[in-house]
Every structure is written in C-alpha cells, then in structure tokens.
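Down below is the structure, laid out as structure tokens.
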Amino acid sequence: MKIVCFGDSITRGVTCIKGRLRILKDNYPAVLQQYFGDSSTEIVNKGVFNDNSDLLVQRLGKDVIGEHPDVVLICIGGNDCNFKWNEVAERPDDTHVPVVPLERYADNIRHLVKNVKEQGITPVLLTLPPLDPKRYYQSISARFGKSIGHWIGLSGGIEHWHGQYNRCLKKFIKQLNVPAIDVRTAIKKAGDLKGLISDDGIHLTAEGYKVMAKKIYTDLTAQFAGQKVGSGI
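Just add 75 to the spot in the sequence shown (first one is 1) and you have our numbering.
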C-alpha cells in the first residue's frame, strides 16, 4: 500500500525552537513509516511549508495523482485561516479576512476529495492540530508589534477562525462520507500542550508529531482492516 501525506508545514515536519523554525527528522510521515515498519506500506511526504488549500489544489496532479497512491492523508487549514499580520498591525481597527476565506476553503476541500476519488484514491481528512493561542500571539506580536492585540480583542483572532475551519472539515466528513482521523482531539488529550506544541504555538514538537503519527496509524489500520483501499471508498 502507498500512502501520500499531503499538506503544509505540519506534514513537512516543521517545529520552532527558541524562535527559529527547523524541520524535524521525526516528522509525522516518518514516524508513521516506522509504525508500518518494513512492510509493503510506503509513506510519501508531500508537505510544503506555508502551503494552503489553494496551493494544494494547484499541485494535486503532480504530488498526489502522479504518485498513484492507494490513500492520501489531507491535512490543511492552518495557513488558510491565518492572516496577513503586517496589514493587521498597520490597520488594527479595520476588518481583515483570512488568507483563504472559509467559503473558498470549503470549495477546495470538495475539489480535493472529488478529484482523488475519481482517480481511485482513498482520501482521508485529518482534523487541524490544536493551537496554543497564548504562545502563538506572543510569537506574532514579537514579529509584527503589539498593535495586533487590539484587533485580536475585537475579532477573536486566529483561534476563532481556526475552530471554524476545523468545524467546516468535520461537516464535510459527514456530508461526503469521507474517512477521517481526529488528530486534534488526540493531541489535546495526550498531555500538556506545552510539550506537544512548539514555541510558536502552532507547529508541533517531536513528541507532538509522535502522538499525531500514532493516532493516524491506529485509525488507519482499524478503518481499512479487511477493506480494499484505492477504490475511492
């Protein structure tokens, strides 16, 4: 079985240590491969830093369909619901919209699911890993200035939107009857988020990626036990 992990920096394996971003060797696709061991299952990491659902749609043909996998794990949304923080800092009293508005994000998810199913590939949607809002806003404020705090107080900030995008995903899981894995809840229940989410409040630590990989492995093996994958189920 071949599995493509398709997404942004969470899939790529980015973490933040002492204010600097780095890529971890033990990212979730790498740990997932370890769980499957030397079996016939191949894990392919197609995560790209700073990607959003618009960009996943653009590279779907090359990075998923062209790989001819049986299963594609889709983890996307954290950058979609993010904001252009330089603009927020300059105009904290204005209305600002996420990088990829919710309606377009929903259309992109539909497109991804529909197109991979048509190719006989089984899509599996992953919920959004949780944020640590306090550390996330500290990181953003350090980069763009404290004026964003005013806007966050008025709008609810990314935490508000992050929850909306995750609920959008969960709605599609029910409507489209798509296999799904709730990594968000698994990470929240795994322990203190300070040890699972890195210094920037949004990327995971090595331990967080291990929790994510274990949840995916457990659910994949349970969901597809005795089933034929690669038939667009």
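Note that beta-carbon positions come from the ideal geometry of N, C-alpha and C, so glycine has one too.
Rounded to the nearest whole angstrom, the CA to CA distance from Y240 to L177 is 7 Å. Distance check between P204 and each of E234, T197, H225 and T296 places E234 closest, using alpha-carbon atoms only. Three or more beta-carbon pairs drawn from the region 262–281 and the region 80–99 are found closer than 8 Å, and the two stretches are therefore classed as touching. For K209, the uninterrupted alpha helix (DSSP H) segment begins and ends at P208 to F219.
Short of 6 Å from the beta carbon of V79, and not among the five residues preceding or following it, lie these beta carbons of its own chain, in chain order: V119, K121, V139, E142, P144 and V147.
Every alpha helix (DSSP H) stretch that sits fully inside the region 111–146 and reaches 4 residues is listed by chain position as 128–138. Runs of the alpha helix (DSSP H) spanning 4 or more residues and lying entirely within the region 234–289 occur at 258–264 and 268–271, in chain order.
Secondary structure note for I85: its alpha helix (DSSP H) is the uninterrupted segment S84 to R87.
The C-beta of H225 has fewer than 16 other C-beta atoms within 10 Å across all chains shown, which makes the residue exposed. In the three-state DSSP reduction, P104 falls in the helix class (H, G or I).
Secondary structure at T293: helix, using DSSP grouped into helix, strand and coil. Judged by beta-carbon spacing, P173 lies beyond the 9 Å limit of C150, meaning their Cβ atoms are not closer than that value. A check of alpha carbon separations from A255 across K263, R242, S128 and K77 identifies R242 as the nearest. By the Cβ test, the region 96–103 is not in contact with the region 158–174, since fewer than three Cβ pairs between them sit closer than 8 Å. Counting along the chain, no alpha helix (DSSP H) covers V172, and no H or E run does either. The Cβ atoms of Y103 and K263 lie no closer than 9 Å to each other. A distance below 7 Å between beta-carbons, with the five flanking residues on each side excluded, links L268 to the following residues of its chain, in chain order: P205 and D207. In the three-state reduction of the DSSP assignment, L177 falls in the helix class. Here DSSP, grouped into helix, strand and coil, assigns L229 to helix. By alpha-carbon distance to V89, the top candidate from G283, T296, Q298 and I291 is G283.
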